[in-house]
Amino acid sequence: AGWLTDQVVVAPVAAVLVWLSLGIRRKGTPLVRGILVSLVVAAALAAPYLRWQQESYGAKAVFMQKAQYVLYWSRSDSVMATHRRVRMPGNMPFRPLSAKEFLQREGQLIRSQPAAYTHDVAFEFLHFMAPMPDRVQTRNRFNRGPVLWLGALYFTPILVLSTLGLFLGRVPLRDRLLAAAIVLATAAFYSLFFTQTRYRIPVEPQLCFLAALGVMRLLPGRRDPQS
288 AGWLTDQVVV APVAAVLVWL SLGIRRKGTP LVRGILVSLV VAAALAAPYL
338 RWQQESYGAK AVFMQKAQYV LYWSRSDSVM ATHRRVRMPG NMPFRPLSAK
388 EFLQREGQLI RSQPAAYTHD VAFEFLHFMA PMPDRVQTRN RFNRGPVLWL
438 GALYFTPILV LSTLGLFLGR VPLRDRLLAA AIVLATAAFY SLFFTQTRYR
488 IPVEPQLCFL AALGVMRLLP GRRDPQS
């Protein structure tokens, strides 16, 4: 259901599957069976949609058209492209690509401009975690200066405490890694395209969980979450 709503969900789902797979040695056959059943059910639910898409668009089915356009805009716009090293001419028309075409083009860019491509992805990954909301195109009373600063004041302690909770939280490392994997996988996926602060909203519950562990670490006299 998440994939049909927004294909970005493949990133956190993949992270969860990897996390589950790392526990196979401990959990054994029941976990393997559970993973396989989940994949079969997901494939069965997605098959009708994929068949309809194939019949409607053939091999040229568009892959994440909106994300592709924003990536094109960030590489060609005179203002946004100042932060990027991989650029496209502003007079080049936008054409949405299929998944295969998109991956081929990005692969060619990685081979021809490895340093520039790495810079752009790293910049967007860090920007995903930027406390101050920016890249806001529409201006209204809800996203003016004081409100944006309030958002930064809210997120900064969460970012600091979640980092503390990830490394020093008093719950099993495996549980901490699950929360972190969902956040980092989502950030990494968006980093391949273009990040905005609002994209972070779906993973803030995991950040708040880690931040709570950070608070408990700073207040050792409080109740231990394992008790």
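Just so you know, the sequence shown maps onto residues 288 to 514 in the working numbering.
We treat Cβ as the ideally placed atom computed from N, Cα and C, and that holds for glycine.
Please check the pair residue i and residue j, which I expect to be a contact at CB under 8 Å, by giving their CB distance rounded to whole angstroms.
i, j, result
"Arg374", "Arg362", "5 Å"
"Met419", "Leu396", "The pair is not a contact, with the Cβ atoms about 29 Å apart (cut-off 8 Å)."
"Met367", "Trp360", "7 Å"
"Tyr356", "Glu411", "About 16 Å; that fails the 8 Å criterion."
"Arg463", "Leu453", "5 Å"
"Leu494", "Ile445", "6 Å"
"Gly310", "Leu323", "Wrong, their Cβ atoms sit about 15 Å apart, outside the cutoff."
"Arg504", "Leu437", "That belief does not hold up - the Cβ atoms of Arg504 and Leu437 are roughly 26 Å apart, past 8 Å."
"Ala417", "Arg372", "Wrong, their Cβ atoms sit about 19 Å apart, outside the cutoff."
Would you mind working out which of the options sits nearest residue i, comparing C-alpha positions?
i, options, result
"Leu506", "Arg312, Leu448, Tyr486", "Leu448"
"Val305", "Ile469, Pro418, Ala409", "Ile469"
"Val328", "Tyr356, Phe389, Ala288", "Ala288"
"Ala386", "Gly394, Leu323, Arg487", "Gly394"
"Ala348", "Phe381, Phe389, Ala330", "Phe389"
"Ile488", "Phe415, Leu437, His406, Arg461", "Phe415"
"Leu479", "Arg382, Ala409, Val423, Ser343", "Ala409"
"Thr450", "Gly310, Ala467, Pro459", "Ala467"
"Gln340", "Tyr441, Leu291, Asn427", "Leu291"
"Arg443", "Glu491, Asn378, Gly321, Pro376", "Checking the sequence shown, residue 443 turns out to be Thr, not Arg. Ranking Glu491, Asn378, Gly321, Pro376 by Cα distance to Thr443 puts Glu491 first."
"Arg382", "Ala354, Gln424, Glu342", "Ala354"
"Asp421", "Thr405, Val458, Ala439, His406", "Ala439"
"His370", "Arg312, Leu358, Arg398, Arg313", "Leu358"
In the DSSP assignment, find the alpha helix (DSSP H) that holds residue i and state where it starts and stops.
i, result
"Asp407", "401–415"
"Gln297", "Rather than Gln, the amino acid found at residue 297 in this sequence is Val. Taken as a continuous stretch (DSSP letters only), the alpha helix (DSSP H) holding Val297 covers 297–308."
"Met503", "491–505"
"Gln289", "According to the sequence as given, residue 289 is Gly; it is not Gln. Run containing Gly289: 289–292, per the alpha helix (DSSP H) assignment."
"Ile488", "Unbroken run through Ile488: none, as it is neither H nor E."
"Asp462", "460–478"
"Ala439", "432–455"
"Arg312", "311–314"
Tell me the DSSP bridge mates of residue i?
i, result
"Ser385", "Val349"
message = Would the region 425–432 count as touching the region 482–492 if we require 3 or more Cβ pairs under 8 Å?
response = Touching, no.
ask   = Below 8 Å, can you find three or more Cβ-Cβ pairs linking the region 329–337 to the region 486–500?
value = The region 329–337, when compared against the region 486–500, does not touch it at the 8 Å Cβ threshold.
Contact between the region 300–316 and the region 460–476 (3+ Cβ pairs under 8 Å) = Contact between the region 300–316 and the region 460–476 is present, because at least three Cβ pairs lie under 8 Å.
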